[in-house]
Amino acid sequence: MRMENVLLRLENISVSFDDDLILNDISLEIKDKEFVTLLGPSGCGKTTTLRIIGGFVNPDAGNVYFNGVIMNDVPPYKRPVNTIFQKYALFPHLNVFENVAFGLRILKKPEKEIKQTVNEMLTLVNLSGFSTRNVSSLSGGQQQRVAIARALAVRPKILLLDEPLGALDLKLRKDMQVELKNIQQQLDITFIYVTHDQEEALSMSDTVVVMDNGCIQQIGSPLDIYNEPKNAFVADFIGESNILDAVMKEDYSVSFAGHIFKCLDSGFAEGEPADAVVRPEDIDLVEPEKGMLSGTVTSVTFRGVHFEIIVDIRGFKWMIQTTDYYPVGMSVGLVIGPDDIHIMKKSEYSGRFGDYSTYSDEIEELSENTEEEV
Amino acid sequence: MKISGKIYIGIIFAMLYIPILVIIFFSFNSSNSMAVFSGFSLKWYGELFKNDKAIDALVNSLMLAVSSSLIATVLGTAAAVGIYNIKSKRAKTAVMTVTNIPMMNPDIVTGVSIMLLFAFAATLLKLEIFGFFTMLIAHITFNLPYVILCVMPKLKQMDKNLPEAAMDLGCTPLQAFFKAEFFEILPGIATGMLMAFTLSLDDFVISYFAAGESFQTLPIYIYSMTKRRVLPDMNALFSVIFIVIFALLLIRNLMTKDSSNVKKAVNR
Chain A
1 MRMENVLLRL
11 ENISVSFDDD
21 LILNDISLEI
31 KDKEFVTLLG
41 PSGCGKTTTL
51 RIIGGFVNPD
61 AGNVYFNGVI
71 MNDVPPYKRP
81 VNTIFQKYAL
91 FPHLNVFENV
101 AFGLRILKKP
111 EKEIKQTVNE
121 MLTLVNLSGF
131 STRNVSSLSG
141 GQQQRVAIAR
151 ALAVRPKILL
161 LDEPLGALDL
171 KLRKDMQVEL
181 KNIQQQLDIT
191 FIYVTHDQEE
201 ALSMSDTVVV
211 MDNGCIQQIG
221 SPLDIYNEPK
231 NAFVADFIGE
241 SNILDAVMKE
251 DYSVSFAGHI
261 FKCLDSGFAE
271 GEPADAVVRP
281 EDIDLVEPEK
291 GMLSGTVTSV
301 TFRGVHFEII
311 VDIRGFKWMI
321 QTTDYYPVGM
331 SVGLVIGPDD
341 IHIMKKSEYS
351 GRFGDYSTYS
361 DEIEELSENT
371 EEEV
Chain B
1001 MKISGKIYIG
1011 IIFAMLYIPI
1021 LVIIFFSFNS
1031 SNSMAVFSGF
1041 SLKWYGELFK
1051 NDKAIDALVN
1061 SLMLAVSSSL
1071 IATVLGTAAA
1081 VGIYNIKSKR
1091 AKTAVMTVTN
1101 IPMMNPDIVT
1111 GVSIMLLFAF
1121 AATLLKLEIF
1131 GFFTMLIAHI
1141 TFNLPYVILC
1151 VMPKLKQMDK
1161 NLPEAAMDLG
1171 CTPLQAFFKA
1181 EFFEILPGIA
1191 TGMLMAFTLS
1201 LDDFVISYFA
1211 AGESFQTLPI
1221 YIYSMTKRRV
1231 LPDMNALFSV
1241 IFIVIFALLL
1251 IRNLMTKDSS
1261 NVKKAVNR
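Residue numbers (the working numbering), protein chains in the order written: chain A, 1 to 374; chain B, 1001 to 1268.
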């Protein structure tokens, strides 16, 4: 993959609507042909970031550069970017062919070229044979494909996708994820993808930008984001995490949950408070007396591939994923290896995440995140 | 309970439509009585077309209704789009309130104030300005809020990403309006235009004050006739007007039914 040159650059962007700070000093570089995902809970500013790139929102401060040229005042219709809107925004008065041809007709392309491009695009999204259909007679997934074909027909340098799969059911969403990734690689263009679904972000992206509260929390590859989260917010939002109050004893040694663990982290001051992250799938369960820590199982949930069990250790509820069944009330011991521990600097998010005592509530909150944001 | 409900509805519709049916019925009467039906004849329809004054008034009314509703529709649609796009909520409410005042204002107040304005302008310009143009201005004025009121809900229902999608694909804001937004709000524009047309056709009070000696619309002509005797050729005229308006409404309703079917399909 060639991704050397920076195609799009956001520099110190701030936006507020009605005195609400939506974006707070965002800077971001997006390279050519990269698949970038803006990931965060609703209201974090990810859609606004996308709309700034699309030209629909003017930033109060900061600059947008495309290929090194400032494009703050360039209107949407002159930008080399195209958008897939959340609810597709297809033109109901036009059929599938005319929807896809819309941009080409505005560009006043010759009829022959229009026909060829539209058919090419419809083939790309597996909709050849649908050209005379009314868009309102299509299913959600098919409408989605028309929207993709319509945006790609005008050959944008960057495709912006605003939660494009949000309205589809799970199975269709998984299929479309693969298809979108294929389309991106086939056409070799930059995708900027907005979602609140961390699984989607991890499986599709070259780079994930985690956002919360109008700020970028972390930028990195899916692996970096998962294995080395920068703060408690990222650790909690991406996957499941047990996050504990810790104190660094010295390099490669950390104390939390009343025990001193070996770890792989260094560069902290001696005695510096920190947050320790332990992923639920990295914890091994043994008999109570053989474990580094021990506690009682308080709940068991069957998840298909594994069991999710909650273990109470001195009042802190740990989540552990295991393929063996442990009944509620059983005493278990925990073994945590040095490479299972990730140490993060303290942040404003410390202490707000990572304890599973309110586990069921948290699940509900996440599923509510589908509503539209500004 | 069910039967009494049906009777109630029957009475209401009877009250509404019996007078009209009576007029249509007697428009085919061969004598000029409004009480005794002496035989079927198209005599009064023939008389109507020989009555130059009545036909002139009808043509005036139609000309005025068509031109004022067209202009009001263009201005009103533009105004609705403009008001819809006002960012500040407070400014939006303020503008909408001002827009609604002419609708709430009693016609007699609007009529007199418009007459005074034109009289003032006439003295200032030393011109005889009362006539078609003063009527046109008056009718556009009272039609405008109805058009805005019909278009606004369609704008609010529209997916706000639609014009954005058009711009995203290369349309200037003006192109985006005519190539995308326009088709979405078209039912509202059509309703607004039809409403403006009928309101203009049957307005009496405001027209009475804004008209001059030279320009008579149908309602004013009929009013002047009531001082003497209303001839049965008017029955024929009323029947024709009623059928035309009825047909217009029917077409309009069939159109909305079609577009609501499309809406359902989209939501599915």
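Positions of the beta carbon are idealized from the N, C-alpha and C atoms, including for glycine.
Predicted model, so just to flag it, every value in this text is computed and none were measured.
Q. If you draw a straight line from the alpha carbon of L1194(B) to that of S1067(B), how long is it in whole angstroms?
A. Using only the alpha carbons, I get a separation of about 12 angstroms.
Q: Measure from the C-beta of P76(A) to each C-beta in chain B and report whether the shortest distance is under 8 angstroms.
A: Chain B places a beta carbon closer than 8 angstroms to that of P76(A), counting this residue as a contact.
Q: Mind checking who M248(A) pairs with in its DSSP beta bridge?
A: In DSSP, M248(A) forms a bridge with V254(A).
Q.
Please list, in chain order, the residues of the segment 89–120 of chain A that have any C-beta partner in chain B closer than 7 angstroms.
A. Listed in sequence order: A89, F91, P92, H93, F102, G103, I106 and L107.
Q: Counting only runs of 3+ residues fully inside the segment 269–303 of chain A, write out the beta strand (DSSP E) ranges in chain order.
A: 273–278, 284–286 and 293–302, all fully within the segment 269–303 of chain A.
Q.
Give me, in chain order, the residues of the same chain whose beta-carbon lies closer than 7 angstroms to that of G335(A); leave out the 5 immediate sequence neighbours on both sides.
A. As written in the sequence, residue 335(A) is Val, which differs from the Gly given in the question. Excluding residues within five positions, the ones whose Cβ falls inside 7 angstroms are D284, V286, G291 and M292.
Q: Check whether the Cβ of E1164(B) lies closer than 8 angstroms to any Cβ atom in chain A.
A: By this cut-off, E1164(B) is an interface position.
Q) G43(A): beta carbon under 7 angstroms from a heavy atom of the ligand ATP? A) Although the ligand ATP was asked about, the structure shown includes no ligands whatsoever.
(Q) Tell me which residues share the same chain as P156(A) and place their Cβ nearer than 8 angstroms to its Cβ, disregarding the 5 neighbours each side in the sequence. (A) P80, V81, N82 and I189, listed in sequence order.
Q. Anyone know if the C-beta pair for L187(A) and L152(A) falls short of 8 angstroms?
A. The answer is yes: Cβ separation under 8 angstroms.
Q: Flag K31(A) as yes if its beta-carbon sits less than 8 angstroms from any beta-carbon of chain B, otherwise no.
A: With 8 angstroms as the cut-off, K31(A) does not count as an interface residue toward chain B.
Q. Does the separation of the CB atoms of M211(A) and G40(A) fall below 8 angstroms?
A. The criterion of a C-beta distance shorter than 8 angstroms is satisfied by M211(A) and G40(A).
(Q) Below 8 angstroms on the Cβ atoms is my contact criterion, and I expect Y77(A) with G1170(B) to pass it. Report the Cβ-Cβ distance as a whole number of Å. (A) Going by Cβ atoms, the distance from Y77(A) to G1170(B) rounds to 5 angstroms, so yes, they are a contact pair.
Q) If the cut is a Cβ gap below 9 angstroms, which residues of chain A does Q1175(B) touch? A) Within 9 angstroms Cβ-Cβ: Y77 and I106.
(Q) If I measure Cβ to Cβ from S294(A) and keep anything under 6 angstroms in the same chain, skipping five residues before and after, which residues do I get? (A) Here the set comprises P288 and G333.
Q. Taking Cβ positions only, does D1168(B) come closer than 8 angstroms to chain A?
A. Yes, its Cβ sits closer than 8 angstroms to a Cβ of chain A.
Q: Using a cut-off of 7 angstroms between C-beta atoms, extract the partners of N1161(B) located in chain A.
A: Correct list: F85, K87 and A89.
Q) Per DSSP, Y193(A) is paired with what? A) According to DSSP, Y193(A) bridges with T37(A) and L161(A).
(Q) Quick check on DSSP: helix, strand or coil for G1212(B)? (A) Coil, per DSSP.
Q | Under 9 angstroms from the C-beta of C1150(B): neighbouring residues of chain A | A | The premise fails here: C1150(B) is roughly 19 angstroms from chain A at the closest Cβ pair, so nothing lies under 9 angstroms.
Q.
Any contact between the segment 1204–1218 of chain B and the segment 1049–1062 of chain B? By contact I mean 3 or more CB pairs, one from each, below 8 angstroms.
A. Verdict: yes, contact present.
**Q.** Under 8 angstroms between C-beta atoms of S16(A) and D73(A)
**A.** One thing to note: S16(A) has its Cβ no nearer than 8 angstroms to the Cβ of D73(A).
(Q) Does the segment 274–284 of chain A come into contact with the segment 243–255 of chain A, if we say contact requires no fewer than three beta-carbon pairs (one atom in each stretch) closer than 8 angstroms? (A) Verdict: yes, contact present.
Q) Hey, how far is the Cα of G329(A) from the Cα of K346(A)? A) Using only the alpha carbons, I get a separation of about 34 angstroms.
(Q) List, in chain order, every chain A residue whose beta-carbon is nearer than 8 angstroms to that of F1183(B). (A) In chain order, F91, P92 and H93 make up the part of chain A whose C-beta sits under 8 angstroms from the C-beta of F1183(B).
Q | C-beta neighbour in chain B for N82(A), strict 8 angstroms | A | Chain B, which has a Cβ nearer than 8 angstroms to the Cβ of N82(A), makes this yes.
**Q.** Closer than 8 angstroms to chain A by CB, A1180(B)
**A.** Interface residue, yes.
Q.
Does S357(A) pass the burial test, meaning 16 or more other C-beta atoms within 10 Å, or should it be called exposed?
A. By the neighbour-count criterion, in which 16 or more other beta carbons inside 10 Å mark a residue as buried, S357(A) falls on the exposed side.
Q | C-beta neighbour in chain A for T1172(B), strict 8 angstroms | A | Contact with chain A is found for T1172(B), since one of that chain's Cβ atoms lies less than 8 angstroms from the residue's Cβ.
Q) From the DSSP output, which residues share a beta bridge with R105(A)? A) Note: R105(A) is not bridge-paired with any residue in the DSSP secondary-structure output.
Q) Under 8 angstroms, do L160(A) and G54(A) count as touching if we go by C-beta distance? A) The beta carbons of L160(A) and G54(A) sit closer together than 8 angstroms.
Q: Pull up the CB-CB distance for V146(A) and V178(A), whole angstroms please, since I reckon it's below 8 angstroms.
A: Rounded, the Cβ-Cβ distance is 19 angstroms, inconsistent with contact.
**Q.** Own chain partners of P1173(B) with C-beta closer than 7 angstroms, once the 5 adjacent residues on each side are dropped
**A.** For P1173(B), where only same-chain residues beyond five positions count, the Cβ hits under 7 angstroms are M1167.
Q) Can you name the residues that DSSP bridges to C215(A)? A) Note: C215(A) sits in a beta bridge opposite D212(A).
**Q.** Minimum Cβ-Cβ distance from F353(A) to chain B less than 8 angstroms
**A.** Output row for F353(A): interface = no.
Q | Option in N67(A), Y252(A) and E281(A) with minimal Cα separation from K31(A) | A | Answer by Cα proximity: N67(A).
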